[in-house]
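Under numbering that gives the first Met the number 0, residues 0 to 45 are what the sequence shown spells out, in order. Even glycine gets a Cβ: it sits at the ideal position worked out from N, Cα and C.
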Amino acid sequence: MIAESVLAIEFGASSEDIARTVHGHPTFSKALQEAARTVNNCSIYV
């Protein structure tokens with residue numbers, strides 16, 4: 000979130016610009032959690 004905010008400030012992005020930007024889901028931390036769950040055969044999404 001901090002990196003995105005810094006880029007928005009640096010490039011003078013408006014809230015509308017930010018709203019129109021594609022945001023990935025799930026987050027990296029959730030992907031890492033799911034990978035760990037998959038390794039342990041208790042994956043939710045696979």
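What is the DSSP secondary structure of residue i, counted as helix, strand or coil?
i   : result
I43 : coil
S13 : coil
T37 : helix
Just the C-alpha distance for residue i and residue j, rounded to the nearest angstrom, thanks.
i   : j   : result
G11 : H24 : 25 Å
E9  : L31 : 29 Å
A35 : A7  : 33 Å
K29 : I43 : 11 Å
Y39 : F27 : Looking at the sequence shown, residue 39 is not Tyr but Asn. Going from the Cα of N39 to the Cα of F27 covers about 19 Å.
Taking C-alpha atoms, which residue in the options lies nearest to residue i?
i   : options              : result
A18 : S4, F27, T26 and K29 : S4
Which same chain residues end up closer than 8 Å to residue i when comparing Cβ atoms and leaving out the 5 residues on each side of it in sequence?
i   : result
S14 : none
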